[in-house]
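Enquirer: This is the structure I want to talk about, given as structure tokens.
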Amino acid sequence: MSHTTLLLIAFAGVATLLLLILRAKVQPFVALVVVSIGVALAAGVPAADLVKTIEEGMGSTLGHIATIIALGAMIGRIIELSGGAQSFAHSLIDRFGSKRTPLALTVAGFVLGIPVFFEVGLIILMPIAYGVARASRKPLLVYALPMGAAMLTVHAFLPPHPGAVAVTQAIGADQGLVLLIGIPLTAIVVLLGYLVSRRMTRREYPMDPTVYAEVYGDDAPAADVSEGGATPAPGAGTSGSAKPTTDDGHGTAVLTKPSATHTTATTAGPAEVRPPSFGMVLALIVTPILLILLGTLGQNLLDEGSALRAVLTVLGAPMVALLIDVALCAYFLGARRGWNRSRIAEVMGSALPPVAMVILVAGAGGVFGKVLVASGIGDAIADVLDRTGLPALFLAFLMALTLRAAQGSTTVALITTAGVLGPLLERADLSTGQLSLVALAMGAGGLAVSHINDAGYWMFTKLAGLDVASGLRTWTVLTTTMGVIGFGLTAAIWPLM
Numbered sequence: 000m001s002h003t004t005l006l007l008i009a010f011a012g013v014a015t016l017l018l019l020i021l022r023a024k025v026q027p028f029v030a031l032v033v034v035s036i037g038v039a040l041a042a043g044v045p046a047a048d049l050v051k052t053i054e055e056g057m058g059s060t061l062g063h064i065a066t067i068i069a070l071g072a073m074i075g076r077i078i079e080l081s082g083g084a085q086s087f088a089h090s091l092i093d094r095f096g097s098k099r100t101p102l103a104l105t106v107a108g109f110v111l112g113i114p115v116f117f118e119v120g121l122i123i124l125m126p127i128a129y130g131v132a133r134a135s136r137k138p139l140l141v142y143a144l145p146m147g148a149a150m151l152t153v154h155a156f157l158p159p160h161p162g163a164v165a166v167t168q169a170i171g172a173d174q175g176l177v178l179l180i181g182i183p184l185t186a187i188v189v190l191l192g193y194l195v196s197r198r199m200t201r202r203e204y205p206m207d208p209t210v211y212a213e214v215y216g217d218d219a220p221a222a223d224v225s226e227g228g229a230t231p232a233p234g235a236g237t238s239g240s241a242k243p244t245t246d247d248g249h250g251t252a253v254l255t256k257p258s259a260t261h262t263t264a265t266t267a268g269p270a271e272v273r274p275p276s277f278g279m280v281l282a283l284i285v286t287p288i289l290l291i292l293l294g295t296l297g298q299n300l301l302d303e304g305s306a307l308r309a310v311l312t313v314l315g316a317p318m319v320a321l322l323i324d325v326a327l328c329a330y331f332l333g334a335r336r337g338w339n340r341s342r343i344a345e346v347m348g349s350a351l352p353p354v355a356m357v358i359l360v361a362g363a364g365g366v367f368g369k370v371l372v373a374s375g376i377g378d379a380i381a382d383v384l385d386r387t388g389l390p391a392l393f394l395a396f397l398m399a400l401t402l403r404a405a406q407g408s409t410t411v412a413l414i415t416t417a418g419v420l421g422p423l424l425e426r427a428d429l430s431t432g433q434l435s436l437v438a439l440a441m442g443a444g445g446l447a448v449s450h451i452n453d454a455g456y457w458m459f460t461k462l463a464g465l466d467v468a469s470g471l472r473t474w475t476v477l478t479t480t481m482g483v484i485g486f487g488l489t490a491a492i493w494p495l496m
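Note that my numbering numbers the sequence shown so that position 109 is 108, with each residue one more than the last.
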């Protein structure tokens with residue numbers, strides 16, 4: 000089959016995928032599997048080999064990433080339900096001081112965003128932003144915008160988040176190097192995003208009266224944001240009180256600093272325990288990262304056959320590092336603070352349902368990538384892209400950004416980009432460091448252009464009380480700016496690799 004025919008099939012497949020997800024509202028996992036089967040048959044993959052191709056694509060992808068995503072979700076869930084996330088955020092606010100509270104919440108979003116999924120992190124930290132905005136009588140967006148953008152940045156760039164894990168596996172990058180390069184790179188993107196957000200939030204934006212009342216008090220502004228009315232200054236129309244809203248189903252769960260003790264049920268009865276300390280939470284977040292980095296350094300710096308290298312290689316395997324951290328979290332945040340074994344098992348189990356579909360989507364993306372390779376479409380795309388003369392780094396960013404803008408999901412955009420560009424990257428014979436930068440460039444593309452087809456956009460704007468136009472002017476512009484900054488940083492580092 001000619002390259003032109005294969006490229007037309009690939010184009011039709013991607014277009015069909017977008018139509019199924021956007022227009023027909025088909026679940027991405029189902030859409031990816033259906034399109035993969037259609038593309039395979041149209042491209043001439045023998046019917047007898049179809050099932051085998053699908054199984055190989057699903058198995059090779061999930062064999063590597065399913066355990067990592069599941070263990071990462073367990074760590075985040077334990078930190079969340081133990082009160083560690085709230086305690087960590089409030090400790091940062093105390094350390095930074097009231098004048099730098101927006102920066103403190105941004106740092107909290109960055110650090111907690113590593114083990115906690117974006118949506119969960121937003122639910123945990125947004126009530127804290129509500130409480131700080133109420134106490135300071137400043138616009139909520141001053142605190143919420145850089146905090147939310149920091150969490151989304153980590154979600155797009157770094158393992159153990161599903162898109163980043165899938166990309167590193169698909170293109171053969173090293174997760175340790177991705178973390179080693181990606182953590183400081185992401186920190187710079189978050190810091191620059193914080194500075195950009197400070198300028199963006201100098202003006203006020205219309206705010207939903209219900210959210211306004213929830214944050215600042217019972218006297219909501221009279222302006223109707225659906226009609227584009229201007230929101231009065233945060234203190235206007237309120238009594239100036241900072242009392243929390245009542246729990247009427249619409250109130251915020253946590254608006255004030257958690258008390259020094261809270262009740263935890265055990266088999267022996269209720270017990271008063273202190274919330275986890277700042278140092279404890281930070282240590283548990285950093286532990287798997289350090290283990291993975293040590294494993295990477297051991298493989299690059301120690302002699303082959305060295306006993307220390309063998310130990311570090313095992314401990315630094317992402318699955319092992321996360322498994323160790325799950326055990327540490329279960330003990331220090333659970334058992335030592337009064338949770339019995341049943342409670343620990345229940346918390347770990349509750350982390351899995353929310354990520355089950357994410358894991359399946361990642362597996363289906365692996366199927367799509369396998370079909371592209373088995374059918375010869377991957378080589379045809381690689382030939383065309385090779386002739387453009389564009390650098391692989393730029394192609395990775397541009398394709399991820401385009402797919403992200405088209406269909407909304409960061410994870411789907413990253414997985415699809417990795418599948419399409421895989422053959423080109425193999426042909427380019429890039430070093431491990433260069434492949435790691437390509438993975439980060441894809442993450443930059445996956446961060447950008449969060450708009451009305453992205454569930455994260457709606458989640459943030461609804462919690463922040465923004466209308467569609469204000470969300471596009473703030474959230475969309477900021478995430479796109481940070482994505483471009485992230486790509487610029489990867490391009491700047493490229494010559495050093």
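For each residue, glycine too, the CB sits at the ideal point set by N, CA and C.
1) Please return the same chain residues whose Cβ sits closer than 6 Å to the Cβ of Ser-90, not counting the five positions on each side in sequence.
2) Three-state secondary structure (DSSP) at Arg-335?
3) Just how far apart, CA to CA, sit Val-370 and Leu-289?
4) Taking 7 Å as the limit between beta carbons, can you name the residues of its chain near Val-195, skipping five residues before and five after?
5) Going by other Cβ atoms of all chains shown within 10 Å of its Cβ, with 16 needed for buried, is Thr-209 buried or exposed?
6) Please work out which residues of its chain come closer than 7 Å, Cβ to Cβ, to Gly-470, disregarding the five sequence neighbours upstream and downstream, and give them in chain order.
7) From the DSSP output, in three-state form, read off Tyr-204 for me.
8) Would you mind sorting Phe-10 into buried or exposed? The rule is 16 or more other CB atoms within 10 Å of its CB.
9) Thr-286: which of Leu-314, Arg-472, Ala-306 and Leu-301 sits nearest, CA to CA?
10) Three or more C-beta pairs under 8 Å: does that hold for the region 426 to 442 against the region 171 to 181?
11) How far does the alpha helix (DSSP H) with Ala-42 in it extend, from its first residue to its last?
12) Comparing alpha-carbon positions, which option in Val-310, Arg-340, Val-437 and Met-347 lies nearest Val-325?
13) Whose C-alpha, out of Pro-317, Val-366, Arg-273 and Ala-320, is nearest the C-alpha of Arg-336?
14) Could you tell me which of Val-372, Gly-407, Thr-60 and Ala-306 sits nearest to Leu-423, measuring between CA atoms?
15) For chain B, check one thing: does any of its Cβ atoms lie closer than 8 Å to the Cβ of Pro-353?
16) Beta-carbon within less than 7 Å of Ile-343's beta-carbon, same chain only, minus the 5 sequence neighbours each way: which residues are those?
17) Assuming contact is defined by CB atoms lying nearer than 8 Å, are Ala-88 and Leu-124 in contact in what I supplied?
18) Tell me which same chain residues have a C-beta within less than 8 Å of the C-beta of Thr-475, skipping the five on either side of it?
19) Which ranges would you report for the alpha helix (DSSP H) in the region 140 to 217 if only whole runs of at least 4 residues count?
20) What residue does the alpha helix (DSSP H) around Tyr-456 start on, and which one ends it?
21) Let me check understanding here. Comparing Cα to Cα, which of Val-360, Ile-92, Ile-376 and Arg-198 lies closest to Gly-43?
22) Please report the distance separating the alpha-carbon of Leu-70 from that of Leu-321.
23) Round the Cβ separation of Tyr-204 and Leu-140 to the nearest angstrom and send it over; I've been treating them as touching at under 8 Å.
24) Assign Thr-55 to one of three DSSP states: helix, strand, or coil.
25) Considering Asp-93, what are the terminal residues of the alpha helix (DSSP H) in which it resides?
26) Quick one, which of Met-318, Gly-388 and Asp-378 has its alpha-carbon nearest Ile-68's?
27) Is the beta carbon of Pro-138 sitting closer than 8 Å to the one on Thr-185?
28) Do the region 362 to 369 and the region 49 to 65 make contact, defined as three or more Cβ pairs closer than 8 Å?
29) If you reduce the DSSP assignment to three classes, tell me which class Val-280 lands in.
30) Kindly give me the distance between the Cβ atoms of Gln-85 and Ile-127, rounded to whole angstroms, as I take these residues to be in contact under 8 Å.
31) Do you know whose CA, among Phe-486, Ala-491, Leu-495 and Leu-465, lies nearest Asp-207's CA?
32) Give the straight-line distance between the Cα atoms of Ala-399 and Val-483, rounded to the nearest whole angstrom.
33) With distances taken Cα to Cα, identify the nearest neighbour of Met-279 among Ala-65, Ser-81 and Met-496.
34) Count Cβ pairs between the region 375 to 395 and the region 91 to 108 that sit closer than 8 Å; are there 3 or more?
Expert: According to the structure data:
1) Excluding the 5 residues flanking it on each side, Ser-90 has same chain C-beta neighbours closer than 6 Å at Phe-277, in chain order.
2) helix
3) 36 Å
4) Leu-477 and Thr-480
5) exposed
6) Tyr-456 and Thr-460
7) coil
8) exposed
9) Leu-314
10) yes
11) Note, Ala-42: premise wrong, no alpha helix (DSSP H); not H, not E.
12) Met-347
13) Comparing Cα positions, the closest option is Arg-273.
14) Val-372
15) Within the model displayed, chain B is absent; a lone protein chain is all it includes.
16) Ala-329, Gly-333 and Ala-334
17) yes
18) Val-448, Ser-449, His-450 and Tyr-456
19) 161 to 170, 174 to 199 and 208 to 215
20) 454 to 463
21) From the listed residues Val-360, Ile-92, Ile-376 and Arg-198, the smallest Cα separation to Gly-43 is found for Ile-376.
22) 6 Å
23) 6 Å
24) Sequence check: residue 55 is Glu here, not Thr. Helix at Glu-55.
25) Where Asp-93 is concerned, the enclosing alpha helix (DSSP H) stretches over 83 to 95.
26) Per the Cα distances, Met-318.
27) no
28) yes
29) Correct three-state label for Val-280: helix.
30) In this structure Gln-85 touches Ile-127 by the C-beta definition: roughly 7 Å separates them, less than 8 Å.
31) Leu-465
32) 12 Å
33) Ser-81
34) no
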